[in-house]
Each structure stands twice: as C-alpha cells, then as structure tokens.
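**Student:** Residue numbers (the UniProt record's numbering): 7 to 374.
We put the CB at the ideal spot given by N, CA and C, even for glycine.
Bear in mind the structure is a predicted one, so any value in this text is a computation, not a measurement.
Dropping a structure here in structure tokens format, bear with me for questions.
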Ligand code: PMP
C-alpha cells in the first residue's frame, strides 16, 4: 500500500508564479519584473516594519491563540462582532479549513472554473469532490465595459450543479484569474436559491479594488445570512502576502466550529502584529490602491488594442484571452517580465506605471 493517499499522487501540485530568481538563473536576466501573483508593487505599509520588529522580541513564545487584538481591530473596522471572525494562515489556509469542516469524503464542492487554482487542491485535501462549472463565455468578442458580460461565473449552471451531496459552494468575487465581478442582483438571486444547508463562501480577496457600485460588499450585504461566509485577506491591498494572514466572517456557530479544527496558532505572531499596524494605515492603503486603479484605467484600452476581448477588471490584474498563452508568457519573460499563463489565457498583475510600461513593451514584442 502507498504511504500516502493514492488519489493525491495523480494531482499536479500548486505551482506558484515564476520568480525573478528563476529568470536570473535560467535566462540570465538580473532584475525581472514580477507581475504574476497579484501582489501590490509597493513595500509594507507605514508602521508595519516597526510593529514586526517589536513583535520579534517575543518570538520565543507562542502567539495569542485566540488572536484577540487583531480580531477586535477587524471587528471594529468592519462592524461585526469578534465572535464571528476567524483568522488563519492566509485565506488559502481558511479555504482549507472550510473544506475540511464542511465535507466528509465524497461530498461535493461546487465552484466556477476557471477560478483560483488553490480551489481544486483544498477540495481534494479534504477528500471531497470538485464540481467545476465552466465560466460563461464572453457574450461578444468585445466584452464591453460591463464587468459581468463574459468570463464570469455562470450562476444558473452553478445552482443546477448543486445536489444533496453538495456541502460547500465557492464564489470568487471578483474572480481570479478573469477579474470579472458579479453584480448585486444576480448574486442576491443566487444566494436566495441556494439550499439553507449548503454553505456559500464569498471569496473577496480583491474587495478593495472594486469600483463598480453594482458589485456588492459581501460583508455588508450578505454576511448576516447563516449559510454565508465572507473571506478576506491581508495579502493583496494590505500588502502582507509574505506574512500569511487571512480572515473570515461567519455566523457565530459556524465560526466556533471552524475554530475547533483550526490549526493551533495558525496566525503567527508577526502576522498578527503586522496586520494590526497595516489596518492602522488604511488611508495609505487607499492611496496605493488608487494608484493601481489609475493604472487599471490607463491600461485597459491599450490591452484591448493588443488583445481584443480583454474583459474589464474589478481587481488588480487583467485577464488576456490570448491564443497562445505559453508563447505569450515566454515572450514576456524574454523581455524580463513575468506573467501567469493559464491554458485559456494569461493573467497579468497591475504594477507601478514603469512596470506596466515594461509589460506593454514586452507584450508588443519590443524592449520598449
Ligand atoms: N482567494 C483568491 C481569489 C486569491 O486570488 C488568493 C491569492 N492568490 C487567495 C484567496 C489566497 O490569498 P492568501 O492565502 O494570500 O490570503
């Protein structure tokens, strides 16, 4: 008998985006620009390094297992009670927790595909079965200014895919990697129709980048439903990807159950301290997000000229439905820019204006 589960051997592992170190080694490019993992391009928010340094003096001790100070800070800022908040080792750690807390072997988890690549892995890790519902195809070749016209979740098909074996539904809004976002009316209709005994996770990793007012804020509008969990992260707009801190809001009952199976001390001491400091720098976070949004507006017409059918994005990345994603990715790399190719297209993160110009030049096949 194999020592580990045979079904896991069949699965390709999660491969993160290539790093500048990879390009230095393989192509001799010393300082590649990484636009592959949807991070913000600026350093930590003010106050964060100091908070980490102060916390460093205590790392011989375990962190606060109950994460009291950070949960209180989040509770105040987002106007929910702390008993409904669970923090974890990245929101991906919380996705893992949600799968194993809802599913027994053979149960089903429904989600749109293509979406966040970790979904199939956390589903399988829980011994559950992935039910992938294909994204909608674009309504027309030029998906127009609408964020929901194409590439997004097919909510009707997702509803139809729910069976008595379904325990969890994952809704990524805005969707990674397409950047498209669901609107209030369609999401409300969907949540009204999902059976009460199926938990729905609204994965809002990119919430801070949304500008379309038709896109609902899950925390404000849906989190009070007993079968809804809203998932957020400190990794993107808040600039703490390297420290691994995600959080969720659920009903007090669901949150309690999740805490019983949560890996003890899942949110480390430096992450707790840094997350509090980052939340105190919310104005600077907003300023930096606004820089990314200005770039998003500047890039869209240029990207559409390069790749017709590029959908408008509500996140800090664009989805480029190119014919040869691998070839496109290689071309960018040869010009020192790392993007993320998928079988159906390429995802590129919005960086600084200079980084974005380097990407445009690379995409056009010139050194610009
Ligand atoms: N959800 C989505 C949709 C994401 O794109 C990501 C990161 N790429 C995550 C969750 C996980 O982020 P983290 O674990 O860093 O919080």
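With hydrogens ignored, establish whether the beta-carbon of residue 248 is closer than 7 Å to any heavy atom of the ligand PMP.
**Tutor:** Checking every heavy atom of the ligand PMP against the Cβ of residue 248, none is found closer than 7 Å.
**Student:** For residue 178, which of helix, strand or coil comes out of DSSP?
**Tutor:** Strand at residue 178.
**Student:** Taking 7 Å as the cut-off, is the C-beta of residue 209 nearer than that to any heavy atom in the ligand PMP?
**Tutor:** Under cutoff, so the answer is yes.
**Student:** For the 8 Å Cβ check, are there 3 or more pairs between the region 104 to 113 and the region 72 to 86?
**Tutor:** Short answer: they don't touch.
**Student:** Buried or exposed: where does residue 320 fall if 16 or more other Cβ atoms within 10 Å of its Cβ makes it buried?
**Tutor:** Label assigned to residue 320: buried.
**Student:** State the DSSP-derived secondary structure class of residue 45, mapped to helix, strand or coil.
**Tutor:** Residue state, collapsed to three classes: coil.
**Student:** Could you tell me if residue 62 is buried or exposed, where buried requires 16 or more neighbouring beta carbons within 10 angstroms of its beta carbon?
**Tutor:** By the 10 Å Cβ count, residue 62 comes out exposed.
**Student:** Evaluate residue 98 with the Cβ neighbour count: other Cβ atoms within 10 Å of its Cβ, from every protein chain shown; 16 or more gives buried, anything less gives exposed.
**Tutor:** When all chains shown are included, residue 98 counts as buried.
**Student:** Report the residue from 340, 47 and 279 whose alpha carbon sits nearest the alpha carbon of residue 30.
**Tutor:** Selected option, being the one with the closest Cα: 340.
**Student:** At a cut of 8 Å, does the region 175 to 184 reach the region 114 to 130 through at least three beta carbon pairs?
**Tutor:** The answer is yes - the region 114 to 130 touches the region 175 to 184, with three or more Cβ pairs under 8 Å.
**Student:** Please determine, among 123, 109, 272 and 68, the residue with the shortest C-alpha to C-alpha distance to residue 203.
**Tutor:** Cα-wise, what sits closest to residue 203 is 109.
**Student:** Could you spell out where the alpha helix (DSSP H) holding residue 297 opens and where it closes?
**Tutor:** Taken as a continuous stretch (DSSP letters only), the alpha helix (DSSP H) holding residue 297 covers 288 to 312.
**Student:** So residue 114 is in the beta strand (DSSP E); what residue range does that whole segment cover?
**Tutor:** It spans 114 to 119 - the beta strand (DSSP E) in which residue 114 sits, taken as one unbroken run.
**Student:** Assuming the contact rule is C-beta atoms closer than 8 Å, residue 347 and residue 334 should be a hit. Round their C-beta distance to whole Å, please.
**Tutor:** Contact holds; Cβ gap of about 7 Å.
**Student:** Distance, Cα to Cα, residue 244 vs residue 213?
**Tutor:** Approximately 11 Å between the Cα atoms of the pair.
**Student:** Identify whether residue 162 lies in helix, strand or coil by the three-state DSSP scheme.
**Tutor:** Helix.
**Student:** Are the CB atoms of residue 190 and residue 222 nearer to each other than 8 Å?
**Tutor:** Yes, the Cβ-Cβ distance between residue 190 and residue 222 is below 8 Å.
**Student:** Rounding to the nearest angstrom, what Cα-Cα distance links residue 240 and residue 33 in this structure?
**Tutor:** So the alpha carbons of these two residues sit roughly 33 Å apart.
**Student:** Please report the residue range of the alpha helix (DSSP H) in which residue 260 lies.
**Tutor:** 258 to 267 is the extent of the alpha helix (DSSP H) around residue 260.
**Student:** On a CA-only basis, which of 357, 361 and 162 is nearest residue 46? Give me that one, please.
**Tutor:** Of the candidates 357, 361 and 162, the one whose C-alpha sits nearest the C-alpha of residue 46 is 357.
**Student:** Distance, Cα to Cα, residue 234 vs residue 94?
**Tutor:** Residue 234 and residue 94: Cα-Cα distance of roughly 18 Å.
**Student:** Does the beta-carbon of residue 239, which I'm using as the reference point, lie nearer than 7 Å to any heavy atom of the ligand PMP?
**Tutor:** Checking the Cβ of residue 239 against the ligand PMP gives yes.
**Student:** What beta strand (DSSP E) runs, 3 residues minimum, are completely inside the region 31 to 95?
**Tutor:** Listed in chain order, the complete beta strand (DSSP E) runs (minimum 3 residues) inside the region 31 to 95 are 91 to 94.
**Student:** With residue 281 and residue 130 assumed to form a contact (beta carbons below 8 Å), what rounded beta-carbon distance in angstroms separates them?
**Tutor:** Rounded, the Cβ-Cβ distance is 29 Å, inconsistent with contact.
**Student:** Three Cβ pairs or more, each shorter than 8 Å: is that satisfied between the region 134 to 141 and the region 155 to 167?
**Tutor:** Short answer: they touch.
**Student:** So what's residue 12 in DSSP terms, helix, strand or just coil?
**Tutor:** Helix at residue 12.
**Student:** How big is the Cα-Cα spacing for residue 188 and residue 8?
**Tutor:** One C-alpha to the other measures close to 43 Å.
**Student:** Return yes when the C-beta of residue 105 is under 7 Å from any heavy atom of the ligand PMP, and no when it is not.
**Tutor:** Result no, Cβ not under 7 Å from the ligand PMP.
**Student:** Following a CB-centred definition, is residue 141 positioned closer than 7 Å to any heavy atom of the ligand PMP?
**Tutor:** No - the ligand PMP has no heavy atom lying nearer than 7 Å to the Cβ of residue 141.
**Student:** Determine the DSSP secondary structure at residue 170, reduced to helix, strand or coil.
**Tutor:** Coil.
**Student:** Got a sec, what are the start and stop residues for the beta strand (DSSP E) residue 252 sits in?
**Tutor:** Run containing residue 252: 252 to 255, per the beta strand (DSSP E) assignment.
**Student:** Since I believe residue 313 is in contact with residue 327 (beta carbons under 8 Å), could you give me their beta-carbon distance rounded to a whole number of angstroms?
**Tutor:** The pair is a contact, with the Cβ atoms about 6 Å apart (cut-off 8 Å).
**Student:** In three-state terms, what does DSSP make of residue 108?
**Tutor:** Correct three-state label for residue 108: helix.
**Student:** Buried or exposed for residue 68, going by 16 or more other Cβ atoms inside 10 Å?
**Tutor:** Under this definition residue 68 is an exposed residue.
**Student:** Check whether the Cβ atoms of residue 58 and residue 255 sit closer than 8 Å, and answer yes or no.
**Tutor:** No, the Cβ-Cβ distance between residue 58 and residue 255 is not below 8 Å.
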